[in-house]
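Numbering (the numbering used here), first residue to last: 371 to 977. Structure record follows, encoded as structure tokens.
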Ligand code: M6R
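This is how it looks when you write it as structure tokens:
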């Protein structure tokens with residue numbers, strides 16, 4: 371997830387671009403850059419790190435010109451560095467991009483074979499070359515050259531390009547990454563999100579998938595990939611800037627909950643190989659045949675993802691997995707060595723305990739694969755390899771979209787290992803790959819069906835304790851549901867394996883203790899219903915999480931929150947959604963600071 375801005379009009383572009391990027395910094399902040407076309411040609415300024423660094427460069431050497439583009443980066447391909455910062459240039463063409471070009475490696479190889487030199491490790495730079503190549507080959511306009519380039523790329527993009535030889539215009543295209551055109555009086559804007567332009571205009575056009583646009587100071591001309599003219603409605607934005615930054619949601623956490631289908635699709639993109647029924651781990655090959663076991667290490671919510679990873683990997687590859695809290699592993703003289711694969715999971719990539727666990731495992735000879743959402747952070751750097759989740763920056767302290775993106779990464783690893791161990795046959799692999807590909811759509815369906823849970827929150831906001839119970843892959847979700855509730859609503863909550871209730875926790879149940887029972891249809895369903903009956907017999911209040919249309923469950927619960935049907939291995943992607951929404955709604959009903967709960971920090975870089 372990156373932030374994109376563009377401006378063409380009568381004013382100096384630089385201050386407008388910088389103010390726009392400032393508003394988009396929540397989308398990424400590991401490097402930033404602008405390209406401005408003026409009397410001195412195209413001036414490109416780029417800087418690693420936050421926007422302040424770029425502003426300092428601009429203060430020394432202010433670019434002049436009334437047309438420009440700007441970018442704030444959240445790295446996906448290529449580490450955060452000045453060379454990888456956008457805009458990328460080829461010939462007279464400068465390009466900025468938000469998204470992932472899946473087939474950039476073969477395209478890069480072809481362009482290199484044709485004598486083109488690359489200055490970055492990014493997937494974006496190939497687009498600048500493709501447009502330049504098309505112009506040199508005689509494309510009649512900049513927008514047509516963009517179309518020639520787009521016909522060659524697969525993936526997700528919001529792409530914006532300018533060319534010295536085509537002054538006065540900016541061209542852009544959208545596919546699966548957001549892009550908005552802002553219509554001013556004699557000036558036009560482009561941005562990944564409306565906050566970047568609200569100071570200047572409230573009249574906007576939201577581009578749709580496959581749209582191509584040519585922008586001048588006079589307005590925007592829309593067409594499709596074949597050049598057929600398109601019309602899109604002009605909308606008037608009524609949000610204030612702060613609301614707009616959160617996409618109209620009152621909190622980042624809620625926005626991030628609803629971003630999950632996109633985060634999963636982006637994490638799977640280019641890696642889930644539908645036709646080969648396989649998963650590509652971007653160069654990190656795992657040969658399970660020589661492995662003694664897999665060790666999954668993490669803290670907090672990422673640890674819960676690890677618990678689900680155990681089910682996924684053992685289920686697909688039949689390799690024994692152990693899951694450990696990184697903070698425990700590092701201090702217990704662990705038995706680990708070269709015959710083990712260690713998978714560490716960390717959203718931030720900076721958690722001190724997890725980093726120490728990586729060092730401990732490597733010192734004892736284990737190979738370490740990191741799953742992280744932050745490119746080039748400490749944990750990926752300290753590991754042998756990394757599979758990045760592409761969730762985009764997570765601002766809410768309570769992790770939501772990064773958790774499900776971690777599950778997607780773990781599912782990819784499971785498929786990869788299952789195929790190579792010979793344990794996941796072609797038929798089972800086809801089924802799993804197909805179901806995983808459907809998951810983002812099912813998550814959207816679940817989120818749309820659940821509603822805002824305000825009424826439920828009003829009923830339960832004064833509860834003193836909450837219990838969450840589940841079995842199999844939904845036991846870690848019970849733990850995660852309890853953690854979410856504790857973190858933001860400050861209600862005491864515990865997660866238990868449903869079968870454990872009778873071994874102690876059932877003593878806690880009395881009149882009105884809310885018990886969230888994870889009971890989607892699948893293995894263990896009947897057993898969970900028996901556990902539910904035990905709670906009911908003691909007058910607990912039951913909130914059931916079940917499969918859509920399950921009348922039997924509905925008859926046994928005080929409330930039911932429904933999700934679409936899914937195989938047990940992939941249910942956590944769905945069962946966690948009502949728990950995230952419920953915690954959020956209760957925290958809001960209690961008037962808590964949802965995005966920055968008390969005593970917590972987004973990255974825990976201390977022991
Ligand atoms: O950045 P990490 O994934 O390593 O963070 C681990 C935990 O600190 C984190 O998951 C924490 O539990 C979150 N606040 C959960 O919402």
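We put the CB at the ideal spot given by N, CA and C, even for glycine. Computed from a predicted model, the values in this text were never measured in an experiment.
Check whether the stretch 690-705 touches the stretch 820-840, counting contact only when three or more Cβ pairs, one atom from each stretch, lie closer than 8 Å.
no
Our contact map puts residue 978 next to residue 378 with C-beta atoms below 8 Å; I'd like the distance itself, whole angstroms only.
Summary: the structure shown does not reach residue 978, with the chain confined to residues 371 through 977, and so no result is reported for it.
For residue 701, does the count of other Cβ atoms within 10 angstroms reach 16, so buried, or fall short, so exposed?
exposed
Is any non-hydrogen atom of the ligand NAD found closer than 6 Å to the C-beta of residue 671, if you look at the structure I gave you?
The ligand NAD is absent from the structure shown, which contains only the ligand M6R.
Alpha carbon to alpha carbon, what distance is there between residue 948 and residue 799?
28 Å
Straight-line CA distance for residue 772 to residue 631?
11 Å
Which first and last residues belong to the alpha helix (DSSP H) in which residue 559 is found?
Residue 559 -> not in any alpha helix (DSSP H); beta strand (DSSP E) instead, spanning 558-561.
Since I believe residue 439 is in contact with residue 450 (beta carbons under 8 Å), could you give me their beta-carbon distance rounded to a whole number of angstroms?
Wrong, their Cβ atoms sit about 19 Å apart, outside the cutoff.
Is residue 717 near the ligand M6R, in the sense that its beta carbon is under 6 Å from a heavy atom of that ligand?
yes
With 16 other CB atoms within 10 Å as the buried threshold, where does residue 664 fall?
buried
Does the beta-carbon distance from residue 901 to residue 877 come in below 7 Å?
no
If we ignore side chains and look at the alpha-carbon of each, how far apart do residue 912 and residue 927 end up?
5 Å
For the ligand M6R, I want to know if residue 768 counts as a neighbour, meaning its beta carbon is within less than 6 Å of at least one of the ligand's heavy atoms.
yes
The beta strand (DSSP E) enclosing residue 441, as first and last residue numbers:
437-443
Check whether residue 781 and residue 682 have beta carbons under 7 Å apart
yes
Residue 724: CB within 6 Å of a non-hydrogen atom of the ligand M6R:
yes
Let me know if residue 818 comes out buried or exposed under the rule of 16 or more other beta-carbons within 10 Å of its beta-carbon.
exposed
Comparing the CB of residue 974 with every heavy atom of the ligand M6R, is any distance shorter than 6 Å?
yes
Between the CA atoms of residue 850 and residue 932 - distance to the nearest angstrom:
18 Å
If you pair each beta-carbon of the stretch 499-508 with each one of the stretch 735-743, do three or more pairs fall below 8 Å?
no
Taking only beta-carbon atoms, is residue 580 less than 7 Å away from chain B?
Here chain B cannot be found, since the structure has a single protein chain.
Can the beta-carbon of residue 535 be found less than 7 Å from the beta-carbon of residue 462?
yes
Take residue 955 and list the residues in its own chain whose beta-carbon comes closer than 7 Å to its own, dropping the five residues that flank it on each side.
822, 823, 824, 826, 827
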